[in-house]
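Residue numbers (the numbering used here), protein chains in the order written: chain A, 24 to 359; chain B, 24 to 359; chain C, -19 to 311; chain D, -19 to 311. To start, the structure itself, in structure tokens.
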Amino acid sequence: MTLIGVDGRAVRDALPDDAALMRALQGLITARRLNEQAYALVRQGRLAVYPSSHGQEACQVAAAQVLDDGDWLFPTYRDTAAIAERGVDPVEALSLLKGDWHCGYDPYEHKVAPHTTPLATQLPHAVGVAHAARLKGEPTVVMALCGDGGTSEGDFHEALNFAAVLKAPVVFFLQNNEYAISVPLSRQTAAPSLAHKGIGYGIKGERVDGNDVAAVLAVLKDAVDRARAGEGPQLVEAHTYRMQAHTNADDATRYRTDDEVAAWVDRDPIVRLEKHLRDRDLLTDSLLSEMREAAEKKAASMRDGINRDIAPNPSDLFAYVYATPTTQLQEQGAQA
Amino acid sequence: MTLIGVDGRAVRDALPDDAALMRALQGLITARRLNEQAYALVRQGRLAVYPSSHGQEACQVAAAQVLDDGDWLFPTYRDTAAIAERGVDPVEALSLLKGDWHCGYDPYEHKVAPHTTPLATQLPHAVGVAHAARLKGEPTVVMALCGDGGTSEGDFHEALNFAAVLKAPVVFFLQNNEYAISVPLSRQTAAPSLAHKGIGYGIKGERVDGNDVAAVLAVLKDAVDRARAGEGPQLVEAHTYRMQAHTNADDATRYRTDDEVAAWVDRDPIVRLEKHLRDRDLLTDSLLSEMREAAEKKAASMRDGINRDIAPNPSDLFAYVYATPTTQLQEQGAQA
Amino acid sequence: MTVHEKLSMGQALNRALRDAMAADPSVVVFGEDVGPLGGVFRITDGLTAEFGEDRCFDTPLAESGIVGVAVGMAMNGMRPVVEMQFDAFAYPAFEQIVSHVAKMRNRTRGKVSLPMVIRVPYAGGIGGVEHHCDSSEAYYAHTPGLHVVAPATPSDAYDLLREAIASPDPVVFLEPKKLYWSKEEVELSGRPRASAIGRAVVRREGTDATLIAYGPSVPVALEAAEVADREGRSLQVVDLRSIVPFDDETVCAAVRSTGRAVVVAEASGFASVSSEIAARVTERCFHSLAAPIRRVTGYDIPYPPPKLEHIHLPNVERVLEAVDDLQWEDS
Amino acid sequence: MTVHEKLSMGQALNRALRDAMAADPSVVVFGEDVGPLGGVFRITDGLTAEFGEDRCFDTPLAESGIVGVAVGMAMNGMRPVVEMQFDAFAYPAFEQIVSHVAKMRNRTRGKVSLPMVIRVPYAGGIGGVEHHCDSSEAYYAHTPGLHVVAPATPSDAYDLLREAIASPDPVVFLEPKKLYWSKEEVELSGRPRASAIGRAVVRREGTDATLIAYGPSVPVALEAAEVADREGRSLQVVDLRSIVPFDDETVCAAVRSTGRAVVVAEASGFASVSSEIAARVTERCFHSLAAPIRRVTGYDIPYPPPKLEHIHLPNVERVLEAVDDLQWEDS
Ligand SMILES: Cc1ncc(C[n+]2csc(CCOP(=O)(O)OP(=O)(O)O)c2C)c(N)n1
Ligand SMILES: Cc1ncc(C[n+]2csc(CCOP(=O)(O)OP(=O)(O)O)c2C)c(N)n1
Ligand SMILES: [Mg+2]
Ligand SMILES: [Mg+2]
């Protein structure tokens, strides 16, 4: 589904309201800026690695913005922008990629699970959080992110099946960015679409233009509402594109052409929404520069935080393996 | 799909030809007799355990009979009758359940993989055999059996996805017997049917009355033909029922009623086909007793073979771990 | 109120689950066939009837899903106790166990703890077919972040399971299948008792050599000691109970007291828990040892078919042979 | 025709794959990103271009599927060489590896053999984030039916991989990531050379103590020996190359010659391959040992984040401290 076309025109009614669109634009601008900043930090050797969501910001922002405070977000390594949009300090969010610690934030503070690297393994966790909430009578919905490649893992299957049988309030949100590192979607699945993957579990699947933040917001909001209303898990596939290489360590020229990438420049989620809001006179130059400034401030604070570079504490290695370190770990820690 | 109703009347055209139906009846009678014999051997303490396919013989027989000599069968622990129908000596097939050795037959002799116990793990193997055959230009089709419970495992998902992407000539044949030990299908999946599970992989799914051997033969034959013709993997769900407990060690009264079981007695696959063939004057009393005798002979030979009870050779434990036993295993074997 | 009752290990485990569920509403039990059926070994018998379907329920047949869902539930305030139907059927959950269950606390510097128990009916000796008799403790014990325990008596089964459920750390709870039917007088206070996780116990005093065992091998060690006693040799028996954390103190004190030791374990010996015991005790007690520590373990072969398992499993004879081998003439 | 070429370990592995594929049409390579990309470490670089998509291909992203499909292909006449992208990403395939890859030959009394290789870029030292640096050898080494090898030099990498591909047994092939870029003159005959699987090699002679290492720890041991030499202590270095089968003969002869030994390995020490080495060498060489065998290993913690990995990894200092600890005054 598309709500706002690449030319910025609304192709259907039922757009999110103006405030939501403006909030989304702020989110997009910030997310893009953070992506760019992180990339720069990699080049400067301040981050070890960064899997960028450049081009996928509409998905990142919408996934966070449709949630209530009591809801949970389960991100992958690529979803730092969504984590930041949810409220986590980007510096803390980048701990993993900087190499300080695996998870640098308190998952309970903003109800954001740690970035998950082993593909699809976060999905059963998301189901568990949702099911526990249901048992406790809490109105929590869980937004579980996954890539196109991740859908091939057994854990994707098991999670969707458990969610459907348990009627767990989870929204499985697939960012289909056409590649799993170098492997194109056509080698990943022969299904007509990833949204079709819901059928075998009795889960409703929706497809949405992943570069149209209005559409992503609308479809995800609907999915969240339905999950919260007790209709069980929902599946949403957003079609988008990874504009940069998989990470800075990857060489995307080995598996895709510049032309292919260029075609997606025109579908940029930010340009599109800006056009739309300008056409409707909701966005002015001064509002836009305010937004950019806000993004700039976040980026600067992130840069400063990362550059501050406080050495991680070696004794942490031994302190958290168990609630109480074993005598062996105490000995090893003393020796290290 | 049903071809022959519970009353023995053909409900549609396009039945398998008369010879095929007679062959199927012989298969059913033999399979039932082997199931009964194996159960008796358990009671006599000659077999450690036996997961019976009593009630599911139409699936067992059809799965074997639709295959060519060059095709492969991948069975689960419940599919001893299918293994026997494919030509494996039942005594060798029961080695696992007697406790002599894990696999008592040569899988290459009749192209039957070892009985697989870890659920759904045989399915990727089936895909691999099929894909290798395709690479070698051989016309092999692989029949991969799986239960309703097994569909929940990650390996089910991965196997179907690989098969679809590789266009591997595999027929995934699901015997939905309504239970995975004590767990009813409704707690296993919320999908409208197991056949729907193909959609998410781009695989055609069919449902068939699993107690109507004519229908199972027709649907599986069609699936095998399509797989062989290069149309890629096929999925068939047969709806049937496990008439006995999961194994002799199980107490089915804890999770299902006698009434439920009784309702399935009327749908017995053998009674139905017998009626049909008698109505069409293809089956006479003397033909039937010939068939029963043949089955009796097989059962007797199986019983004798099992009762012969040749002690397995302890040195086998060390001989086959590697192609050449390591020095450590030689030492351990000498010591044991 | 403390009562004493003669219980099998299976019954003791069932009682521990019931008492834990009654004491703490956040304890939930799930897995394959644990509901109305009560589990294939009946360890969860009656729990659904007593506590309802929300507290004890059957899941789809998918072990990675079971463990993964338990991780999420533990993240959200529950104390899941999940059952893997048999040892080898926990392998599909291996990634969840190693990459998440074991690492979540460490990953989040203690912010997220996973108070969950993974129950695994394990090891052999019951004539089970392939994949139903694996001794898989080494896989878990080698993975930092997991507690790994294995009771050898009904009393310990009760206490260890109560303690495991109450623990803030994830526990892989290995239940020796062949001991499910072994009986003993069990003291039931309804409350968790003194800590057994991390504490080995000397099951029998002895002066000539120390047998170190855990789980299904403890009765074998005790029987060997009994037989040795009749032959005039006094063997001490240590029951680890807890593989991780490991009780170096108790084990080393025992070995130093006799100067000789044999480790008895069902698992294949190579790169196993028994290797670890031999290595660490030697490191710590080298100058007290009159002989190298011997290991009596399963061979380095896949678990045998039922008719041959007796060859693989440590038995009294093999234990006593190993004891004989401890170079008595050297001392 | 034999040529010599200076190759990195990564290049040597790539060459081994190419030579094996050229020599035997049944060798097929597949996994995640091994096709046009050539693998994230470029070990399969150029294979699809040279041999076509049927011989080297990308698969869906599912490790259990990859290994399971390889099992089937091996059953049907192929010699699959599959890549697990990183060590921890082989865990989803654990059930396939333990319950099938390791057991198929034994299950069928030799009727079905699985000539397949599971390549695992493994271990740390490259600043990789969580799940990208696990030393997982113990899981495989403890599982009977697998061969487990780990090269430490480009030459061995070439030879071991050729031999692994030619082997009738499944081989878990552990490639120390941090050594991918280490270079050496490699002799390339185009043919598999003399057997290295099952054979340890003495990399450096020495008389005071023996360092036993494999894979990524071999250079650490050699460097330690170098430093010790300057300090007047002569250390012998044994490179196992093959963890299973284990070369007791070479290792024990070495240890007996010095009477002291230190095992060096990156993996966490508890219930590990290093435990096994310490235990089995002690069992066999007890009366030649002047001191207990020491282990210098990763700590019993999850692999650290990049900025802290140097604390976890065995280094020259820790090795030499362990050597110092070998109670010289006792001898
Ligand atoms: C279980 C597992 N296998 C392999 C990997 C290595 N890996 C990291 S990202 C990636 C591709 C993922 O593709 P996709 O799911 O489409 O997400 P994207 O990177 O496009 O956001 C792979 C193979 C992993 N992280 N986990
Ligand atoms: C991976 C795995 N988990 C659990 C089991 C234990 N188990 C054996 S059979 C069974 C039920 C299987 O049900 P289904 O697939 O419907 O086949 P059926 O027995 O009905 O033929 C279970 C849970 C197993 N064999 N493998
Ligand atoms: Mg992708
Ligand atoms: Mg079933």
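By construction, the Cβ of each residue, glycine as well, lies at the ideal position given by its N, Cα and C atoms. It should be emphasised that the depicted structure is a prediction, and the values quoted were computed from it without experimental measurement.
For review: beta carbons within less than 6 Å of any heavy atom in ligand 3
Those residues that bring their Cβ nearer than 6 Å to a heavy atom of ligand 3 are A:Gly170, A:Asp171, A:Gly172, A:Asn200, A:Tyr202, A:Ala203.
Beta-carbon gap between B:Phe185 and D:Pro40 smaller than 8 Å:
Counted from its first residue, the second sequence places residue 185 of chain B at position 162. Counted from its first residue, the fourth sequence places residue 40 of chain D at position 60. Yes. Within cutoff.
If you count every other CB in all the chains shown that lies within 10 Å of the CB of D:Ile145, and 16 or more means buried, which is it?
Here the question's residue 145 of chain D lines up with position 165 in the fourth sequence. It counts as buried.
So, do the segment 61 to 70 of chain D and the segment 305 to 324 of chain B have three or more beta carbon pairs nearer to each other than 8 Å?
No, the segment 61 to 70 of chain D does not touch the segment 305 to 324 of chain B.
Is any heavy atom in ligand 1 found nearer than 7 Å to the beta carbon of D:Phe69?
As a position in the fourth sequence, residue 69 of chain D is number 89, starting the count at 1. Yes.
Quick check on A:Met266: does DSSP put it in helix, strand or coil?
Looking up residue 266 of chain A in the first sequence gives position 243. In the three-state reduction of the DSSP assignment, A:Met266 falls in the coil class, being assigned neither a helical nor a strand state.
Burial state of C:Ala241, where buried means 16 or more other Cβ atoms lie within 10 Å:
Translated into the one-based positions of the third sequence, residue 241 of chain C becomes position 261. Buried, because 16 or more other Cβ atoms sit within 10 Å of the Cβ of C:Ala241.
DSSP-derived helix/strand/coil call for A:Lys321
Position 298 of the first sequence, counting from 1, holds the residue named residue 321 of chain A. In the structure shown, A:Lys321 sits in a helix (DSSP, three-state: H, G or I).
Name, going along the chain, the residues of the segment 156 to 177 of chain A whose beta-carbon falls closer than 9 Å to a beta-carbon of chain B.
Residues Thr174, Ser175, Glu176, Gly177.
Below 9 Å between beta carbons is the criterion; list the residues of the segment 273 to 299 of chain D that meet it against any residue of chain A, in chain order.
Contact annotation: in the segment 273 to 299 of chain D, residues whose CB is within less than 9 Å of a CB in chain A are Tyr279, Asp280, Ile281, Pro282, Pro284, Pro285, Pro286, Lys287, Leu288, Glu289, Ile291, His292, Arg298.
Tell me which residues of the segment 66 to 83 of chain D have at least one Cβ-Cβ distance to chain A shorter than 7 Å, keeping chain order.
Residues of the segment 66 to 83 of chain D whose Cβ lies closer than 7 Å to any Cβ of chain A, in chain order: Ala68, Phe69, Pro72.
Consider the C-beta atom of A:Thr99 and the heavy atoms of ligand 1; say whether any pair is separated by less than 7 Å.
Within the first sequence, the letter at position 76 stands for residue 99 of chain A. A heavy atom of ligand 1 is found nearer than 7 Å to the CB of A:Thr99.
Starting from the beta carbon of C:Ser(-12), find every residue of chain D whose beta carbon is closer than 8 Å, and list them in chain order.
For the purposes of this step, residue -12 of chain C is taken as the residue at position 8 of the third sequence. Residues of chain D with a Cβ closer than 8 Å to the Cβ of C:Ser(-12) do not exist; the shortest Cβ-Cβ separation is about 30 Å.
Could you check what DSSP says for D:Ser311 in three-state terms: helix, strand or coil?
Translated into positions along the fourth sequence, residue 311 of chain D becomes position 331. Confidence in D:Ser311 is poor, its pLDDT being 41 and thus under 50, which makes the residue's placement unreliable; the coordinate value appears in the next sentence. D:Ser311 falls in the coil class under three-state DSSP.
Which of the three DSSP states, helix, strand or coil, is assigned to C:Arg260?
For this step, residue 260 of chain C is matched to residue 280 along the third sequence. If DSSP states are grouped into helix, strand and coil, C:Arg260 belongs with the helices.
Measure the CB-CB distance between C:Lys(-14) and C:Lys158 and report whether it falls below 8 Å.
As a position in the third sequence, residue -14 of chain C is number 6, starting the count at 1. As a position in the third sequence, residue 158 of chain C is number 178, starting the count at 1. Between C:Lys(-14) and C:Lys158, the C-beta spacing is not below 8 Å.
Near B:Gly28, what residues of its chain come up, given a Cβ to Cβ distance below 7 Å and the 5 sequence neighbours on each side ignored?
Numbered from 1 along the second sequence, position 5 holds the residue referred to as residue 28 of chain B. Residues of the same chain with a CB within less than 7 Å of the CB of B:Gly28, apart from the 5 flanking positions on each side, are Val34 in chain order.
D:Ser115 at chain A interface by Cβ criterion, 8 Å:
What you label residue 115 of chain D is simply residue 135 of the fourth sequence in a count that begins at 1. No, D:Ser115 lies away from the interface with chain A (no Cβ there is under 8 Å from its Cβ).
Would you say C:Ala(-8) lies against chain B (beta-carbon separation less than 8 Å)?
Start at 1 with the first residue of the third sequence, and residue -8 of chain C comes out as number 12. False, the Cβ-Cβ gap to chain B never drops below 8 Å.
Would you say D:Asp305 lies against chain A (beta-carbon separation less than 8 Å)?
Taking the fourth sequence and counting its residues from 1, the one referred to as residue 305 of chain D is at position 325. Not a single C-beta of chain A is nearer than 8 Å to the C-beta of D:Asp305.
Comparing the C-beta of C:Val109 with each C-beta of chain B, is any distance below 8 Å?
Here residue 109 of chain C refers to the residue found at position 129 when the third sequence is read from its first residue. C:Val109 counts as touching chain B.
Would you decide whether B:Ile333 is buried or exposed? Buried here means 16 or more other CB atoms lie within 10 Å of its CB.
Residue numbering aside, residue 333 of chain B sits at position 310 when the second sequence is read from its first letter. Result: exposed.
Evaluate A:Thr349 with the Cβ neighbour count: other Cβ atoms within 10 Å of its Cβ, from every protein chain shown; 16 or more gives buried, anything less gives exposed.
To locate residue 349 of chain A, count along the first sequence from 1; it is residue 326. By the neighbour-count rule (16 or more Cβ atoms within 10 Å), A:Thr349 is buried.
For B:Ala182, which residues in the same chain have their Cβ closer than 6 Å to its Cβ, ignoring the five residues on either side in sequence?
Working through the second sequence from its first residue, we reach residue 182 of chain B at position 159. So the qualifying residues of the chain are Leu146, Pro147, Val150.
Residue range of the beta strand (DSSP E) that includes A:Leu240:
As a position in the first sequence, residue 240 of chain A is number 217, starting the count at 1. For A:Leu240, no beta strand (DSSP E) segment is defined; the enclosing uninterrupted segment is the alpha helix (DSSP H) at 236 to 249.
Is any heavy atom in ligand 1 found nearer than 7 Å to the beta carbon of A:Leu142?
In the first sequence, residue 142 of chain A corresponds to position 119, counting from 1. Indeed, a heavy atom of ligand 1 lies less than 7 Å from the Cβ.
Is the shortest distance between the beta-carbon of C:His127 and the beta-carbons of chain D less than 8 Å?
Residue numbering aside, residue 127 of chain C sits at position 147 when the third sequence is read from its first letter. No Cβ of chain D is located within less than 8 Å of the beta carbon of C:His127.
Residue-chain proximity (C:Leu27, chain B), Cβ-Cβ < 8 Å:
The count along the third sequence starts at 1 and reaches residue 27 of chain C at position 47. Residue-level contact check: C:Leu27 does not touch chain B, since none of the beta carbons of chain B fall below 8 Å from its beta carbon.
Residue range of the alpha helix (DSSP H) that includes C:Thr238
Translated into the one-based positions of the third sequence, residue 238 of chain C becomes position 258. Per DSSP, C:Thr238 belongs to the alpha helix (DSSP H) from 228 to 238.
Please state the DSSP three-state secondary structure of B:Cys169.
Position 146 of the second sequence, counted from the first residue, corresponds to residue 169 of chain B. The answer is strand: DSSP assigns B:Cys169 an E or B state.
D:Arg35 Cβ short of 7 Å to ligand 4 heavy atom set:
Residue mapping note: residue 35 of chain D aligns to position 55 of the fourth sequence, counting from 1. No, the beta carbon of D:Arg35 sits no closer than 7 Å to any heavy atom of ligand 4.
Closer than 7 Å between beta carbons: that is the criterion. Which residues of the segment 131 to 152 of chain B meet it against chain D?
Those residues of the segment 131 to 152 of chain B placed with their C-beta closer than 7 Å to a C-beta in chain D are Tyr131, Pro137, Pro141, Thr144, Pro147, His148, Ala149, Val150, Gly151, Val152, ordered along the chain.
Does any C-beta atom of chain D lie closer than 8 Å to the C-beta of C:Ser311?
On the third sequence, position 331 is the one that residue 311 of chain C refers to. Because the pLDDT at C:Ser311 is just 41, under 50, the model does not fix this residue reliably, and the point stays unresolved.
Do A:Arg46 and A:Gln88 count as a contact pair if the criterion is CB distance below 8 Å?
Numbered from 1 along the first sequence, position 65 holds the residue referred to as residue 88 of chain A. Numbered from 1 along the first sequence, position 23 holds the residue referred to as residue 46 of chain A. Yes, the pair counts as a contact, with Cβ atoms nearer than the cut-off.
What residue range does the beta strand (DSSP E) around C:Pro156 cover?
Locating residue 156 of chain C in the third sequence gives position 176, counting from the first residue. Counting along the chain, the unbroken beta strand (DSSP E) around C:Pro156 starts and ends at 151 to 156.
If we define contact as Cβ-Cβ less than 8 Å, is D:Val9 a contact residue for chain B?
Residue 9 of chain D sits at position 29 when you count from the first residue of the fourth sequence. For D:Val9, the answer is no, since every Cβ of chain B falls outside 8 Å of its Cβ.
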